[in-house]
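*Asks:* Numbering (full-length UniProt numbering), first residue to last: 741 to 1009.
What follows is a single structure, and I will ask about it in a moment.
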Ligand code: C2E
Ligand code: CA
Ligand code: CA
Ligand code: CA
């Protein structure tokens, strides 16, 4: 593990100049992207692993720039965050997702950036979007990363309580990758733990990963939370997660992120 860290640091240092120029380039085009209608939302189904029934979808942002082409979220989302543009884009996305919920009548999960969550008015904004679109909050799940929640646990607790009062569900995204203490789970009203792809990738060959995932699932069960595993890429991944008692699963083996029309067919609509 030590070697990995050293390598990635070196890579980062050498890549700094590229990063800075790329950042400025992306920033320039991102400022106009929303008005130009360059953002699209793809939906990836997640399955109830007991009956292998598609139960809901995760909304994933896509940017196809007219000028620079398709850009991966891992590149442009950090730029949206550090420019603050994520607030406007995030609100647009929530509105679009509300319209999708009305058409598919299934739960939709939305990724919430730390920049959005840190804003005191965030729960109010969510309430307003739901009201404006006439959508029942129980159809919406907010995916918030462990590190975002841990930054200020008391603040997170207050915000989550207000969101829960709207009927909205909350998933801890990238669970297990952030924090060393689990005590905070006691104080936060959450519904799902989302098991990170990094634990799933080698679950069929690495006993350590299997042990970690098993521990997360048992912990969730004891706390009355449900688990979703992401990054299921093979039959082997799927079988092991079923055996371990994971509730829901998501990944290329089950269904890739796709346009709304396609995901409706997957959902049998
Ligand atoms: P995430 O929330 O962990 O989302 C899961 C990522 O894993 C997605 O990448 C998804 O396409 C990818 N994935 C799905 N199945 C598999 C699989 O079987 N194997 C592997 N290796 N990957 C799989 P994507 O769409 O590129 O998004 C990357 C990240 O960007 C997301 O990670 C999330 O943190 C962020 N993101 C995406 N959309 C939004 C958004 O609307 N708002 C915010 N704030 N962040 C977003
Ligand atoms: Ca997510
Ligand atoms: Ca993840
Ligand atoms: Ca290992």
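Ideal placement from N, C-alpha and C gives every residue a C-beta, glycine not left out.
Since we're looking at a predicted model, the values are computed, not measured.
Give me the Cα-Cα distance between residue 786 and residue 991, rounded to the nearest whole angstrom.
*Replies:* The residue labelled residue 786 in the question sits at position 46 within the chain shown. The residue labelled residue 991 in the question sits at position 251 within the chain shown. Using only the alpha carbons, I get a separation of about 8 Å.
*Asks:* Note down, in chain order, each residue of its chain lying with its Cβ closer than 6 Å to the Cβ of residue 961, except the 5 sequence neighbours on either side.
*Replies:* Within the chain shown, residue 961 is the residue found at index 221, counting from 1. Once the five neighbours on either side are set aside, residue 961 has no close Cβ partner at all.
*Asks:* Ordered along the chain, which non-local residues of its own chain (more than five positions away) have a Cβ less than 8 Å from that of residue 949?
*Replies:* In the chain shown, residue 949 corresponds to position 209, counting from 1. Taken in chain order, the residues that qualify are 939, 940, 941, 942 and 943.
*Asks:* In chain order, which beta strand (DSSP E) runs of at least 3 residues are fully inside the region 861-919?
*Replies:* Taking only runs of at least 3 residues, the beta strand (DSSP E) segments lying wholly in the region 861-919 are 880-885 and 909-915.
*Asks:* The beta strand (DSSP E) with residue 798 in it runs from where to where?
*Replies:* Here the question's residue 798 lines up with position 58 in the chain shown. First-last of the beta strand (DSSP E) with residue 798: 793-805.
*Asks:* Which whole-angstrom value is the C-beta distance of residue 799 and residue 848, which I expect to be below 8 Å?
*Replies:* As a working note, residue 799 is residue 59 in the chain shown. As a working note, residue 848 is residue 108 in the chain shown. About 6 Å; that satisfies the 8 Å criterion.
*Asks:* Per DSSP, what are the beta-bridge partners of residue 962 in this structure?
*Replies:* Looking up residue 962 in the chain shown gives position 222. In the DSSP output, where bridge partners are listed per residue, residue 962 has none listed.
*Asks:* Taking the Cβ atom as the reference point for each residue, do residue 779 and residue 819 lie within a distance shorter than 7 Å?
*Replies:* Taking the chain shown and counting its residues from 1, one reaches residue 779 at position 39. Taking the chain shown and counting its residues from 1, one reaches residue 819 at position 79. No, the pair does not count as a contact, with Cβ atoms beyond the cut-off.
*Asks:* Is the CB-CB distance between residue 966 and residue 932 below 7 Å?
*Replies:* As a working note, residue 966 is residue 226 in the chain shown. As a working note, residue 932 is residue 192 in the chain shown. Yes, these two residues count as a Cβ contact at 7 Å.
*Asks:* Using C-beta distances below 7 Å, list every residue in its chain close to residue 773, excluding the 5 sequence neighbours before and after it, in chain order.
*Replies:* Position 33 of the chain shown, counted from the first residue, corresponds to residue 773. For residue 773, where only same-chain residues beyond five positions count, the Cβ hits under 7 Å are 779, 803 and 805.
*Asks:* If you count every other CB in all the chains shown that lies within 10 Å of the CB of residue 1001, and 16 or more means buried, which is it?
*Replies:* For the purposes of this step, residue 1001 is taken as residue 261 along the chain shown, with counting starting at 1. By the neighbour-count rule (16 or more Cβ atoms within 10 Å), residue 1001 is not buried but exposed.
*Asks:* Would you check whether ligand 2 has a heavy atom nearer than 6 Å to the C-beta of residue 913?
*Replies:* For this step, residue 913 is matched to residue 173 along the chain shown. Under cutoff, so the answer is yes.
*Asks:* Between residue 995 and residue 1003, what straight-line distance do the alpha-carbon atoms span, to the nearest angstrom?
*Replies:* Taking the first residue of the chain shown as position 1, residue 995 is located at position 255. Taking the first residue of the chain shown as position 1, residue 1003 is located at position 263. Using only the alpha carbons, I get a separation of about 9 Å.
*Asks:* So within the region 800-852, which uninterrupted alpha helix (DSSP H) runs reach at least 4 residues, ignoring any that extend past its ends?
*Replies:* The region 800-852 contains these whole alpha helix (DSSP H) runs: 813-823 and 825-844.
*Asks:* Cβ of residue 877 within 7 Å of Cβ of residue 835?
*Replies:* To locate residue 877, count along the chain shown from 1; it is residue 137. To locate residue 835, count along the chain shown from 1; it is residue 95. Taking 7 Å as the Cβ cut-off, residue 877 and residue 835 do not qualify as a contacting pair.
*Asks:* Flag this pair as yes or no: are the beta carbons of residue 770 and residue 825 separated by less than 7 Å?
*Replies:* Position 30 of the chain shown, counting from 1, holds the residue named residue 770. Position 85 of the chain shown, counting from 1, holds the residue named residue 825. The answer is yes: Cβ separation under 7 Å.
*Asks:* Report the CB separation of residue 981 from residue 989 in whole angstroms; it is logged as a contact under 8 Å.
*Replies:* The count along the chain shown starts at 1 and reaches residue 981 at position 241. The count along the chain shown starts at 1 and reaches residue 989 at position 249. About 6 Å; that satisfies the 8 Å criterion.
*Asks:* So which of 1005, 998, 964 and 954 has the shortest CA-CA distance to residue 984?
*Replies:* As a working note, residue 984 is residue 244 in the chain shown. Closest by alpha carbon: 954.
*Asks:* Is any heavy atom in ligand 2 found nearer than 6 Å to the beta carbon of residue 883?
*Replies:* Position 143 of the chain shown, counting from 1, holds the residue named residue 883. True, at least one ligand heavy atom lies under 6 Å from that Cβ.
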